[in-house]
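Visitor: If you read the first sequence in the numbering used here, its first letter stands for residue 110, the second for the next number, and so on.
Before anything else, here's the structure in question.
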Amino acid sequence: MDIKFYNSLSNSVELFKPLHEGKVSMYVCGPTVYNYPHIGNMRPVVVFDTLRRFLTYVGYDVTYVSNFTDVDDKIINESIKENKTEKELTEFYIDQFKKTSAEIGSLLPNVTPKVTEYIKAIITYIQKLVELEAAYVVDGDVYFRVSKIQDYGSLSGININDLLVGARVEENIKKESPLDFALWKRTSIGVNWDSPWGKGRPGWHTECCVMIDTIFPDHFIDIHGGGYDLKFPHHENEIAQAEAMHHNKIARYWLHNAFINFGNEKMSKSVGNVILAKDLIEKYGGPTCRLVILNTHYRQPVNFTDETISAATQEVNKMTSAYRQIALQLQINNVDINQGKPEYIEKFLLAMADDLNTANALAELYVTIKDANQNLRNKEINLQKLTNLFKTLTDMFYILGLNITYKKLSDDDKLLYKKYLSTKADKQFDVSDKLRSILMEKEIL
RNA sequence: GGUUCCUUAGCCAAGUUGGUAAGGCAAUUGACUGCAACUCAAUGAGCAUCGGUUCAAAUCCGGUAGGAACCUCCA
């Protein structure tokens, strides 16, 4: 199957060819952990988890790495505010992030490195950059020398001269050029480490490079993902460091997800319209929140509104209901529930392979649901067909990360259901209604 | 100011190697039904606007209007 991705490096859709046959290496920039994740943080978590599930399903051996930034000014400030150590603070929010990610249906990446575990490697990496004259030391700080890199700005299409003219470039007289960025910051406040340049802590842009360098032996990976806003400067700076170190752009394919808006306005900490993911998930459920995200292509903005949420709620109910009814029929008839061959999955996978077109993939899921409902209405039930549809739905739910479940029936459950049917047939509605509510409580109906 | 992008039915949304618009939600009508829920069927747009290229454009080119993001910590 041909898989295509929109590569931000070329601004075009490209055929995916992994570096090693049958294997995929991918890295996604993770969060800075100083607060509960907001719903916007969940977009890359959902998008790249779905990508990983899809690649795994079609047979790739995927190594998925996503980091936690647990060293940062904001963390230091927040821990002072909360009167905790940085470690206490970050450990708590890392757990929260993992919990929320799981609730929205995302699997844990294979590796989730933290900056604090990589300080030694980061120092070594920076030392090498200094030796290569791609970095310079000023007064305990280390800066990257952007002028060393020929095509700096190639990812975001930013012209260096425009940047230099722009009024918003910070002034820092220590730096040779305003474009140069900090690799190591001298500091006495907050957590810090000894280094050849004195006490300090690493800058943000180096950690991803070092983690990729350490975890992936090629020093080059297939897919690098992250939010659109990370393109500049973060990813540009990652590329600059890798160019200096290895003469490569770190990753073959650069994928960027768009944002989640609320009421057509970007959610951001400075605007103050941040909605915490855990609150939304608690209110509407993980699958519904995930479906709102997957309903739109990952490069388009998603707008969370009452209407989009309620549409997704309806759909999740529809999927759940059909799935449970099939499971019920198969189990009542003592059919092996896992014996089916998937139908409709071909077109589903083709949509996914087309730059992760989840909207079109979902259309195939709805076709499957409709087929299932039509079959369930038939007086004579085709068990083989239902088994196939069950397998289809199971696989699609898996790939999309929609945590929709069915109840495994005990013998008692089966008896209960049969009794429900027989009392209903005998028009003992007071009895059958009670049985029905029990069955619904047990999530069998 | 620079860069990138968007505008498709009430709402969400897919669709660019050009050939007469997927899907979902809501709505209306009908079917099923002891009741409830669920479910099934049928019904709607010529693609912001103006102009160009073409046998043919939502899809290519140009103008106009409106909107967004990045250039500053942010997914």
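Glycine residues also receive a C-beta, built at the ideal position from the N, C-alpha and C atoms.
What residues match up with Asp463 in a beta bridge as DSSP calls it?
Guide: Note: Asp463 sits in a beta bridge opposite Lys113.
Visitor: Mind the definition here: the stretch 179-198 touches the stretch 207-217 only if three or more C-beta pairs lie below 8 Å; say whether that holds.
Guide: No, they do not touch.
Visitor: Candidates Val425, Ser430, Tyr136, Ile330: which alpha carbon is nearest Gly510's?
Guide: Selected option, being the one with the closest Cα: Val425.
Visitor: Considering Cα atoms alone, identify which of Asp289, Glu345, His147, Ser265 is closest to Glu391.
Guide: His147
Visitor: Bridge partners of Thr405, per DSSP?
Guide: Answer by DSSP bridge pairing: none, since Thr405 is not bridged.
Visitor: Report the CB separation of Asn186 from Gly139 in whole angstroms; it is logged as a contact under 8 Å.
Guide: The Cβ separation is near 20 Å, so there is no contact.
Visitor: Between which residues of its own chain and Asn144 is the CB-CB distance below 8 Å, once the five residues before and five after are set aside?
Guide: Glu187, Tyr202
Visitor: Taking buried to mean at least 16 other C-beta atoms within 10 Å of its own C-beta, is Glu197 buried or exposed?
Guide: exposed
Visitor: Determine the extent of the alpha helix (DSSP H) in which Arg545 is found, giving its start and end residues.
Guide: 538-550
Visitor: Exposed or buried, Asn366, counting other C-beta atoms within 10 Å across all chains shown (16 or more means buried)?
Guide: Its Cβ being crowded by 16 or more others within 10 Å, Asn366 is buried.
Visitor: Between Arg152, Pro127, Lys113, Arg295, which lies nearest to Val411 when the distance is taken from Cα to Cα?
Guide: Arg152
Visitor: Alpha carbon to alpha carbon, how far is Pro326 from Ile359?
Guide: 12 Å
Visitor: Just to confirm, is the Cβ distance from Val444 to Leu518 under 7 Å?
Guide: no
Visitor: Applying the criterion that 16 or more other CB atoms from any shown protein chain within 10 Å of the CB defines a buried residue, is Ile553 buried or exposed?
Guide: buried
Visitor: Below 8 Å, can you find three or more Cβ-Cβ pairs linking the stretch 530-544 to the stretch 458-466?
Guide: no
Visitor: Note down the Cα distance separating Gly275 from Asn268, rounded to an integer number of angstroms.
Guide: Residue confidence is low: Gly275 scores 47 on pLDDT, short of 50, so the model does not pin down where it sits. Its coordinate-derived value is still stated next. Distance between the alpha carbons of Gly275 and Asn268 is about 11 Å.
Visitor: Apart from the five residues just before and just after Ile330, which ones in its own chain have a Cβ nearer than 8 Å to its Cβ?
Guide: Leu128, Ser134, Met135, Tyr136, Ile321, Ile359, Ala360, Arg361
Visitor: Please state whether DSSP places Ala360 in a helix, a strand or coil.
Guide: strand
Visitor: With a 10 Å radius around its C-beta and 16 neighbouring C-beta atoms as the bar for buried, classify Thr514 as buried or exposed.
Guide: exposed
Visitor: Would you identify the three-state DSSP class for Ile231, choosing helix, strand or coil?
Guide: helix
Visitor: Excluding sequence positions up to five away, which residues of its chain have a Cβ less than 7 Å from the Cβ of Lys294?
Guide: Asp250, Gly309, Arg310, Gly312
Visitor: Check whether the Cβ atoms of Ala230 and Val300 sit closer than 7 Å, and answer yes or no.
Guide: no
Visitor: From the DSSP output, read off the bridge partner residues of Pro311.
Guide: Trp293
Visitor: Secondary structure at Glu452, three-state DSSP: helix, strand or coil?
Guide: coil
Visitor: Between which two residues does the alpha helix (DSSP H) harbouring Lys190 extend?
Guide: 182-191
Visitor: State the Cα-Cα distance for the pair Ile232 and Trp302, rounded to the nearest angstrom.
Guide: 10 Å
Visitor: Based on the DSSP secondary-structure assignment, which residues constitute the bridge partners of Thr172?
Guide: In the DSSP output, where bridge partners are listed per residue, Thr172 has Ser134.
Visitor: Count the other C-beta atoms from every protein chain shown that fall within 10 angstroms of the C-beta of Met549, then say buried if there are 16 or more, exposed otherwise.
Guide: exposed
Visitor: Going by Cα to Cα distance, which pick from Glu473, Ile298, Leu264 is closest to Lys183?
Guide: Its Cα nearest to that of Lys183, the residue Ile298 stands out among Glu473, Ile298, Leu264.
Visitor: If we count the other Cβ atoms within 10 Å of its Cβ and call it buried at 16 or more, is Met428 buried or exposed?
Guide: buried
Visitor: Between which two residues does the beta strand (DSSP E) harbouring Val411 extend?
Guide: 411-413
Visitor: Applying the criterion that 16 or more other CB atoms from any shown protein chain within 10 Å of the CB defines a buried residue, is Pro305 buried or exposed?
Guide: exposed
Visitor: Check this for me: beta carbons of Ala420 and Ala481, under 7 Å apart or not?
Guide: no
Visitor: Could you tell me the alpha carbon to alpha carbon distance between Ala468 and Lys456, rounded to whole angstroms?
Guide: CA-to-CA, the gap between Ala468 and Lys456 works out to about 12 Å.
Visitor: Quick one: what does DSSP say His328 is sitting in, helix, strand or coil?
Guide: coil
Visitor: On a CA-only basis, which of Tyr337, Tyr453, Val142 is nearest Glu473? Give me that one, please.
Guide: Tyr453
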